[in-house]
Amino acid sequence: MTAALDEFRSHFAACPLVAIIRGVTPDEVEEIGEALVAGGVRIIEVPLNSPDPLHSIRRLADRLKGRALVGAGTVLDEAQVGQVAEAGGQIVVSPNTKPSVIQATVMAGMVSSPGYFTSSEAIAALQAGAHVLKLFPAEGATPAVLKAQRAVLPKDTPILAVGGIVPDNMRDWLDAGANGFGLGGGIYKPGQSAADTEANARAYVAGLSA
Numbered sequence: 508m509t510a511a512l513d514e515f516r517s518h519f520a521a522c523p524l525v526a527i528i529r530g531v532t533p534d535e536v537e538e539i540g541e542a543l544v545a546g547g548v549r550i551i552e553v554p555l556n557s558p559d560p561l562h563s564i565r566r567l568a569d570r571l572k573g574r575a576l577v578g579a580g581t582v583l584d585e586a587q588v589g590q591v592a593e594a595g596g597q598i599v600v601s602p603n604t605k606p607s608v609i610q611a612t613v614m615a616g617m618v619s620s621p622g623y624f625t626s627s628e629a630i631a632a633l634q635a636g637a638h639v640l641k642l643f644p645a646e647g648a649t650p651a652v653l654k655a656q657r658a659v660l661p662k663d664t665p666i667l668a669v670g671g672i673v674p675d676n677m678r679d680w681l682d683a684g685a686n687g688f689g690l691g692g693g694i695y696k697p698g699q700s701a702a703d704t705e706a707n708a709r710a711y712v713a714g715l716s717a
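Quick note: the sequence shown uses my numbering, first residue 508, plus one each step.
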């Protein structure tokens with residue numbers, strides 16, 4: 508087990524939410540990160556299609572070391588995996604299932620969380636070494652679909668539902684077999700204040716036990 512995976516499991520057990528802060532800038536990322544942690548979130552993803560994302564990852568990883576797991580989203584190729592590792596990222600999230608990206612992530616000692624939509628994609632991701640699966644876009648599926656997939660996937664594989672998640676529908680997904688959630692625009696939008704970000708985080712944390 509790598510240090511990153513061990514830390515992921517610890518943070519995920521405490522709060523199974525991944526905050527996706529797409530569009531955040533390096534100048535505001537530390538304040539937003541602190542707001543998320545104050546709201547209870549312990550895993551933060553900076554998508555690579557954000558402004559100067561590697562700078563944001565580096566700043567956030569340094570600021571929140573030991574308090575949160577920081578990494579990148581929208582990672583599409585092996586070169587980007589290397590860049591995330593150099594920036595201090597510990598988790599690599601992708602919208603798709605690409606074995607070479609998964610393998611490069613594992614080799615770099617980071618947590619691999621690829622996106623999947625079908626059972627075939629999920630199994631291919633696990634065979635490539637993925638640690639955490641991301642059902643994406645979840646709004647294109649239903650909790651019933653996830654429940655059916657759960658019947659054929661390893662029971663100890665964490666699955667995140669990502670896309671269209673709001674506090675009011677989290678219970679349906681959890682009951683269907685989701686272990687946690689990736690949260691995008693519902694928790695953070697570009698230019699959003701730290702106070703609003705913390706309030707959104709608290710609402711989602713409350714949704715876990717609703």
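Beta carbons: idealized from backbone N, C-alpha and C, even for Gly. In this text the structure is predicted, and so the values were computed from the model without any measurement.
Quick one: residues in its chain with C-beta nearer than 8 angstroms to the C-beta of Ala610, no 5 flanking neighbours on either side, listed in chain order?
By 1-based counting over the sequence shown, the position of residue 610 is 103. According to the sequence displayed, residue 610 carries Gln and not Ala. So the list reads Ala635, Gly636, once near-sequence residues are dropped.
Would you mind listing the beta strand (DSSP E) stretches within the segment 523 to 558 that are 3+ residues and don't spill past its ends, in chain order?
524 to 527, 550 to 554
Alpha carbon to alpha carbon, how far is Leu524 from Val712?
As a first step, residue 524 is located in the sequence shown; it is residue number 17 there, counting from the start. As a first step, residue 712 is located in the sequence shown; it is residue number 205 there, counting from the start. Using only the alpha carbons, I get a separation of about 8 angstroms.
State yes or no: is the C-beta of Val652 within less than 8 angstroms of the C-beta of Val639?
Here residue 652 refers to the residue found at position 145 of the sequence shown. Here residue 639 refers to the residue found at position 132 of the sequence shown. Not closer than 8 angstroms, so no.
Can you tell me whether DSSP reads Leu666 as helix, strand or coil?
Mapped onto the sequence shown, residue 666 falls at position 159. With the sequence shown as reference, residue 666 is identified as Ile, and Leu is not the correct amino acid for it. Looking at Ile666 - three-state DSSP - the assignment turns out to be strand.
Taking 8 angstroms as the threshold (beta carbon to beta carbon), is Ala717 in contact with chain D?
Absent from the structure is chain D; it holds one protein chain and no more.
Could you spell out the range, first to last residue, of the alpha helix (DSSP H) harbouring Leu681?
Position 174 of the sequence shown holds residue 681. Segment 677 to 683, the alpha helix (DSSP H) holding Leu681.
List the residues that DSSP assigns as beta-bridge partners of Ala575.
Along the sequence shown, one-based indexing puts residue 575 at 68. Answer is none; Ala575 lacks a bridge partner.
Pull up the distance between the alpha-carbon of Thr664 and that of Pro558, whole angstroms please.
For the purposes of this step, residue 664 is taken as the residue at position 157 of the sequence shown. For the purposes of this step, residue 558 is taken as the residue at position 51 of the sequence shown. Approximately 32 angstroms between the Cα atoms of the pair.
Please report the residue range of the alpha helix (DSSP H) in which Val652 lies.
Here residue 652 refers to the residue found at position 145 of the sequence shown. Residues 650 to 657.
For Ile598, the three-state DSSP class (helix, strand or coil)
What you label residue 598 is simply residue 91 of the sequence shown in a count that begins at 1. Ile598 falls in the strand class under three-state DSSP.
Does the count of Cβ pairs from the segment 703 to 710 and the segment 537 to 554 closer than 8 angstroms reach three?
yes
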